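**Q** Sharing a structure here in structure tokens format.
Numbering (the working numbering), first residue to last: 7 to 384.
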């Protein structure tokens with residue numbers, strides 16, 4: 007039995023990160039029967055129940071050390087773990103896991119990672135020092151390959167794939183209809199799904215009110231506005247702020263749902279307007295045309311890869327209400343064309359997302375060979 011340890015940002019209610027973990031565990035189990043999966047989590051009991059895997063508390067040093075010691079391979083990811091925008095402490099956490107794993111002579115794979123931004127000079131040197139010793143790297147974005155090269159990481163074999171969430175499957179229509187019924191969200195009109203998050207950078211003062219103004223225009227035209235908090239409950243207050251800024255009626259998901267349920271919910275909307283990366287990815291999986299509000303390079307990247315429009319980039323300018331309205335209006339007017347564009351792009355991304363597991367299986371084969379060789383020597 008091969009023991010796999012997944013080290014990512016899990017157990018915090020972020021639907022994107024949970025979707026990544028769900029896709030990873032499902033795909034790995036389908037690929038290999040001789041594996042046992044453990045994940046580090048802020049809420050290990052919840053992670054055990056939801057994904058039918060083992061889990062340990064990510065901040066219990068002894069538990070984490072023992073989990074690394076028992077493992078044959080550590081998967082760092084998916085997601086953007088190696089960055090210091092959140093904090094240097096977060097970066098050091100993930101680098102420490104890699105460093106300890108290599109000290110214990112374990113295989114380490116960066117699995118579907120996004121990289122950066124990394125601002126601190128010492129942090130950049132630490133990434134170069136630690137990550138150059140991993141065994142294999144897959145990256146979910148081509149720009150991350152450039153970031154790694156600039157950081158001085160050149161030794162490990164590296165491949166550009168795609169986010170594992172592109173392989174996620176949703177729950178059935180019966181469950182989704184039940185959710186809409188319980189949430190009292192009507193399905194008799196076109197729905198614009200809206201997913202926002204807190205943002206304190208440039209444009210952070212009035213972006214919610216500007217988005218709300220555009221939502222009001224579409225609500226007056228008979229569209230249903232549905233707020234979808236992707237990190238529950240963290241995204242609820244900002245979503246309610248948007249609702250409060252609207253003069254027309256809107257709806258919000260009041261309960262927390264699993265990634266496969268959120269994916270199914272997004273499949274019922276007509277257009278998705280989102281700041282959250284994985285909301286856009288979910289929309290792509292369901293072939294729902296989208297407009298993104300860019301707050302980070304990863305959102306900009308995937309909008310371009312999906313060939314979908316930007317409704318504004320709040321890193322460098324305020325939201326232009328007129329342009330955002332025109333952007334969404336154009337999707338309604340040319341709906342089939344947008345769906346066709348999505349079909350072409352997402353089919354490629356789904357195949358590339360499965361490549362993460364193809365390359366992982368190569369690492370597992372090396373572990374199997376080492377185990378056979380050790381038995382033969384005895």
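All C-beta atoms, glycine included, are put in the ideal place defined by N, C-alpha and C.
Since we're looking at a predicted model, the values are computed, not measured.
1) Starting from residue 82, trace the beta strand (DSSP E) both ways and give me its first and last residue.
2) Give me the residue from 76, 46 and 68 with the minimum Cα distance to residue 62.
3) State the Cα-Cα distance for the pair residue 293 and residue 188, rounded to the nearest angstrom.
4) Going by C-alpha to C-alpha distance, which of 380, 367, 368 and 279 sits closest to residue 338?
5) Taking 8 Å as the threshold, find out whether the region 352 to 366 comes into contact with the region 226 to 242 through three or more Cβ pairs.
6) Counting beta carbon pairs with one atom in the region 86 to 93 and one in the region 115 to 124, are three or more of them shorter than 8 Å?
7) Starting from residue 383, follow its DSSP beta bridges and name the residues at the other end.
8) For residue 382, count the other beta carbons within 10 Å of its own beta carbon; 16 or more makes it buried, fewer makes it exposed. Which is it?
9) Name the residue from 130, 296 and 76 whose alpha carbon lies nearest to the alpha carbon of residue 107.
10) Should the region 324 to 334 be regarded as contacting the region 207 to 223, the criterion being three or more beta carbon pairs within less than 8 Å?
11) According to DSSP, is residue 47 helix, strand or coil?
12) Decide if residue 322 is buried, meaning its Cβ has at least 16 other Cβ atoms within 10 Å, or exposed.
13) Since residue 129 is in the alpha helix (DSSP H), which residue starts that stretch and which ends it?
14) What are the complete alpha helix (DSSP H) segments, minimum 4 residues, inside the region 298 to 366?
15) When we look at the beta-carbon of residue 93 and count the other beta-carbons within 10 Å, is it buried (16 or more) or exposed?
16) Taking 8 Å as the cut-off, does the region 195 to 208 touch the region 51 to 60 (at least 3 CB pairs, one atom from each stretch)?
17) List the endpoints of the continuous alpha helix (DSSP H) containing residue 168.
18) With distance defined between alpha-carbon atoms, name the residue in 95, 90, 110 and 275 nearest to residue 140.
19) According to DSSP, residue 386 sits in a beta bridge with which residue or residues?
20) Residues bridged to residue 63 by DSSP?
21) Take residue 104 as the anchor and find which of 174, 332, 78 and 126 has the nearest alpha-carbon.
22) With 16 other CB atoms within 10 Å as the buried threshold, where does residue 142 fall?
23) Taking the alpha carbon of residue 183 as the point to measure from, which residue in 99, 174, 272 and 336 has its own alpha carbon closest?
24) I'd like to know whether the C-beta atoms of residue 268 and residue 234 end up nearer to each other than 9 Å.
25) Is DSSP giving residue 58 helix, strand or coil here?
26) Got a sec? Which residues, its chain only, sit under 6 Å from residue 257 by beta carbon, not counting five neighbours each side?
27) What residue does the beta strand (DSSP E) around residue 113 start on, and which one ends it?
28) Which residues bound the beta strand (DSSP E) around residue 200?
29) Tell me whether residue 278 sits in a helix, a strand or coil according to DSSP, three-state version.
30) Per DSSP, which residues does residue 12 bridge with? Please list them.
31) Quick check on residue 29: buried or exposed, where buried means 16 or more other Cβ atoms within 10 Å of its Cβ?
32) Could you check whether the region 155 to 168 touches the region 241 to 255, counting it as contact only if at least three pairs of C-beta atoms, one from each stretch, sit closer than 8 Å?
33) Between the C-alpha atoms of residue 304 and residue 379, what's the straight-line distance to the nearest angstrom?
34) Restricting to Cα atoms, I'd like to know which of 21, 43, 135 and 32 is closest to residue 8.
35) Please classify residue 143: does DSSP put it in a helix, a strand, or coil?
**A** From the atom records:
1) Stepping through the chain shown from its first residue, residue 82 is reached at position 76. Residues 79 to 88.
2) Translated into positions along the chain shown, residue 62 becomes position 56. Out of 76, 46 and 68, 46 has the C-alpha closest to the C-alpha of residue 62.
3) On the chain shown, residue 293 is found 287 positions in, with the first residue counted as 1. On the chain shown, residue 188 is found 182 positions in, with the first residue counted as 1. Those two C-alpha atoms are separated by around 25 Å.
4) Your numbering for residue 338 matches position 332 in the chain shown. Ranking 380, 367, 368 and 279 by Cα distance to residue 338 puts 279 first.
5) Short answer: they don't touch.
6) Because the criterion of three Cβ pairs below 8 Å is met, the region 115 to 124 and the region 86 to 93 touch.
7) Translated into positions along the chain shown, residue 383 becomes position 377. For residue 383, DSSP assigns no beta-bridge partner whatsoever.
8) Residue numbering aside, residue 382 sits at position 376 when the chain shown is read from its first letter. It counts as exposed.
9) Here residue 107 is taken as the residue at index 101 of the chain shown, counted from 1. The option with the nearest alpha carbon to residue 107 is 76.
10) Yes: at least three Cβ pairs fall under 8 Å.
11) The sequence position of residue 47 within the chain shown is 41, counting from 1. Reduced to three states, the DSSP call for residue 47 is strand.
12) The count along the chain shown starts at 1 and reaches residue 322 at position 316. Answer is exposed; the Cβ neighbour count stays below 16.
13) Working through the chain shown from its first residue, we reach residue 129 at position 123. From DSSP, the alpha helix (DSSP H) with residue 129 extends over 127 to 137.
14) For the alpha helix (DSSP H) assignment, the uninterrupted runs of no fewer than 4 residues enclosed by the region 298 to 366 are, from N- to C-terminal side, 303 to 312 and 327 to 339.
15) The residue given as residue 93 occupies position 87 in the chain shown. Result: exposed.
16) Contact between the region 51 to 60 and the region 195 to 208 is absent, with fewer than three C-beta pairs closer than 8 Å.
17) Position 162 of the chain shown, counted from the start, is the residue given in the question as residue 168. For residue 168, no alpha helix (DSSP H) segment is defined, and its DSSP state is neither H nor E.
18) For the purposes of this step, residue 140 is taken as residue 134 along the chain shown, with counting starting at 1. It is 110.
19) Because the chain spans 7 through 384 in this model, residue 386 falls outside it and cannot be assessed.
20) For this step, residue 63 is matched to residue 57 along the chain shown. DSSP lists 47 as the beta-bridge partner residues of residue 63.
21) Residue mapping note: residue 104 aligns to position 98 of the chain shown, counting from 1. In terms of Cα proximity to residue 104, the closest of 174, 332, 78 and 126 is 78.
22) Taking the chain shown and counting its residues from 1, the one referred to as residue 142 is at position 136. Buried is the label assigned to residue 142, since at least 16 other Cβ atoms lie within 10 Å of its Cβ.
23) Residue mapping note: residue 183 aligns to position 177 of the chain shown, counting from 1. Per the Cα distances, 272.
24) Residue mapping note: residue 268 aligns to position 262 of the chain shown, counting from 1. Residue mapping note: residue 234 aligns to position 228 of the chain shown, counting from 1. Taking 9 Å as the Cβ cut-off, residue 268 and residue 234 qualify as a contacting pair.
25) Locating residue 58 in the chain shown gives position 52, where the first residue counts as 1. Secondary structure of residue 58 (DSSP, three-state): coil.
26) If you number the chain shown from 1, residue 257 lands on position 251. Hits under 6 Å: 191 and 232.
27) Residue 113 sits at position 107 when you count from the first residue of the chain shown. Judged by DSSP secondary structure, residue 113 falls within the beta strand (DSSP E) whose first and last residues are 113 to 121.
28) Residue 200 sits at position 194 when you count from the first residue of the chain shown. From DSSP, the beta strand (DSSP E) with residue 200 extends over 197 to 201.
29) By one-based count along the chain shown, residue 278 stands at place 272. Strand, per DSSP.
30) The residue given as residue 12 occupies position 6 in the chain shown. Note: residue 12 sits in a beta bridge opposite 45 and 81.
31) Residue mapping note: residue 29 aligns to position 23 of the chain shown, counting from 1. In this structure residue 29 is buried. Its beta-carbon is surrounded by 16 or more other beta-carbon atoms within 10 angstroms.
32) No: the two stretches stay apart, fewer than three of their Cβ pairs being nearer than 8 Å.
33) In the chain shown, the residue the question calls residue 304 occupies position 298. In the chain shown, the residue the question calls residue 379 occupies position 373. Straight-line measurement puts the Cα of residue 379 at about 42 Å from the Cα of residue 304.
34) Within the chain shown, residue 8 is the residue found at index 2, counting from 1. Cα-wise, what sits closest to residue 8 is 43.
35) Locating residue 143 in the chain shown gives position 137, where the first residue counts as 1. Strand at residue 143.
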